[in-house]
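Peer 1: If you scroll down you'll find the structure; I have some questions about it.
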Amino acid sequence: MRAVLKGLWAKRRAVAIYGLLLLGGWFLGGYLKDLTVPEMRPMNEPMIHRIVMTAFVAFVVLAAIPFVPGAEIGFALLLLFGGQVAPLVYLGMVGALVVSFLCARFFPAPLLARGLRRLGLTKAAAFIVELDSAPPHERADKLSLILPPALGRRLHRYRHLLLAIALNTPGNSLLGGGGGLAFMAGASRLYGFGTYLATIVCAVAPVPLVFFFA
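Following this note's numbering from start to finish, the sequence shown increments by one per residue and tops out at 214.
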């Protein structure tokens with residue numbers, strides 16, 4: 001226990017920023033959900049259309065940002081308007097995860113590593129640098145920098161399944177939410193875009209499908 005506390009103290013800056021990101025993300029997501037998706041009341045069709053489109057844009061933007069639970073806006077739209085907006089919510093979530101992934105994919109790895117070092121996360125910084133410089137077929141071996149070799153190989157083999165499970169796990173906002181998971185997937189350079197897209201297309205589908213066929 002003492003070793004754990006000592007490790008947390010050594011990385012106190014990263015822990016503090018992590019806590020602020022969680023609190024700020026939850027507050028911002030909840031506030032904008034209430035702002036863009038008001039309580040149901042009698043409305044004419046143009047007003048409903050305007051509310052849905054405003055909420056949709058906010059949903060896509062927020063869901064792409066790590067630690068901001070933008071998915072709440074998608075759930076609110078599904079609860080308010082039912083299956084008729086399910087395709088819109090589905091496309092919005094897929095689009096948000098693609099945007100977050102591509103932003104991380106094209107974000108300069110040295111800049112990301114520098115930020116991690118400033119937070120005291122030296123192993124994570126070294127991992128990012130090594131992954132960026134390694135050929136695709138050698139990237140699985142680089143997991144040994146932060147994980148035992150056997151565990152690293154297993155996680156790499158099932159990385160797409162693990163990502164799909166993480167995206168559908170309650171409380172994944174502790175890992176950055178959908179936007180954070182997508183950003184980490186892109187930054188890791190362990191996912192090809194085609195296989196990543198296929199993964200999220202399947203992973204995001206269950207909830208909208210339930211509302212669509214309900």
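Each residue gets a CB set at the ideal place from its N, CA and C atoms; glycine is no exception.
Only a predicted model underlies this, so the values are computations on that prediction, with no experimental measurement involved.
(1) Rounding to the nearest angstrom, what Cα-Cα distance links A134 and A124 in this structure?
(2) For the alpha helix (DSSP H) containing A164, name the first residue and the last one.
(3) Please name the residue in M93, A104, V207, R157 whose C-alpha comes closest to that of L62.
(4) What residue range is occupied by the uninterrupted alpha helix (DSSP H) comprising N196?
(5) Is it the case that the Cβ atoms of G171 and A64 are separated by a distance below 9 Å?
(6) Assuming the contact rule is C-beta atoms closer than 8 Å, F101 and G186 should be a hit. Round their C-beta distance to whole Å, please.
(7) Taking buried to mean at least 16 other C-beta atoms within 10 Å of its own C-beta, is A214 buried or exposed?
(8) May I ask which residues mark the beginning and end of the alpha helix (DSSP H) holding V94?
(9) Grouping DSSP H, G and I as helix and E and B as strand, with all else coil, what is V210?
(10) On the CB-based measure, 16 or more other CB atoms within 10 Å of its CB, does M184 come out buried or exposed?
(11) Taking C-beta to C-beta, are V52 and L88 nearer than 9 Å?
(12) Contact defined as beta carbons within less than 8 Å: I believe A104 pairs with V129. What is the distance between those atoms, to the nearest angstrom?
(13) On a CA-only basis, which of S173, G74, D132 is nearest A205? Give me that one, please.
(14) Taking all protein chains shown into account, do 16 or more other C-beta atoms lie within 10 angstroms of the C-beta of T195, making it buried, or fewer, making it exposed?
(15) Quick check on G25: does DSSP put it in helix, strand or coil?
Peer 2: According to the structure shown:
(1) Taking the sequence shown and counting its residues from 1, the one referred to as residue 134 is at position 134. Taking the sequence shown and counting its residues from 1, the one referred to as residue 124 is at position 124. C-alpha of A134 to C-alpha of A124: approximately 15 Å in a straight line.
(2) Position 164 of the sequence shown, counting from 1, holds the residue named residue 164. Where A164 is concerned, the enclosing alpha helix (DSSP H) stretches over 159-167.
(3) Taking the sequence shown and counting its residues from 1, one reaches residue 62 at position 62. Closest by alpha carbon: M93.
(4) Taking the sequence shown and counting its residues from 1, the one referred to as residue 196 is at position 196. Looking at the sequence itself, residue 196 is Tyr, so the reference to Asn does not match. Taken as a continuous stretch (DSSP letters only), the alpha helix (DSSP H) holding Y196 covers 193-203.
(5) Here residue 171 corresponds to residue number 171 of the sequence shown, with the count starting at 1. Here residue 64 corresponds to residue number 64 of the sequence shown, with the count starting at 1. Cβ atoms of G171 and A64: not closer than 9 Å.
(6) Position 101 of the sequence shown, counted from the first residue, corresponds to residue 101. Position 186 of the sequence shown, counted from the first residue, corresponds to residue 186. With 8 Å as the limit, F101 and G186 qualify as a contact, their Cβ atoms being about 4 Å apart.
(7) Within the sequence shown, numbered from 1, the residue matching residue 214 stands at position 214. Label assigned to A214: exposed.
(8) If you number the sequence shown from 1, residue 94 lands on position 94. Residues 86-106.
(9) Here residue 210 refers to the residue found at position 210 when the sequence shown is read from its first residue. Correct three-state label for V210: helix.
(10) To locate residue 184, count along the sequence shown from 1; it is residue 184. Label assigned to M184: buried.
(11) Sequence index remark: in the sequence shown, residue 52 carries index 52 (1-based). Sequence index remark: in the sequence shown, residue 88 carries index 88 (1-based). If you check the CB distance, V52 and L88 come in under 9 Å.
(12) Residue mapping note: residue 104 aligns to position 104 of the sequence shown, counting from 1. Residue mapping note: residue 129 aligns to position 129 of the sequence shown, counting from 1. Taking 8 Å as the upper bound for CB-CB distance, A104 and V129 are not in contact here, some 15 Å apart.
(13) Within the sequence shown, numbered from 1, the residue matching residue 205 stands at position 205. Out of S173, G74, D132, G74 has the C-alpha closest to the C-alpha of A205.
(14) Locating residue 195 in the sequence shown gives position 195, where the first residue counts as 1. Classification for T195: exposed.
(15) Walking along the sequence shown from the start, residue 25 turns up at place 25. Because G25 sits at a pLDDT of 48, beneath the cut-off of 50, its placement in the model cannot be relied upon, and the following sentence gives the value as read from the coordinates. The three-state reading of DSSP puts G25 in helix, counting H, G and I together.
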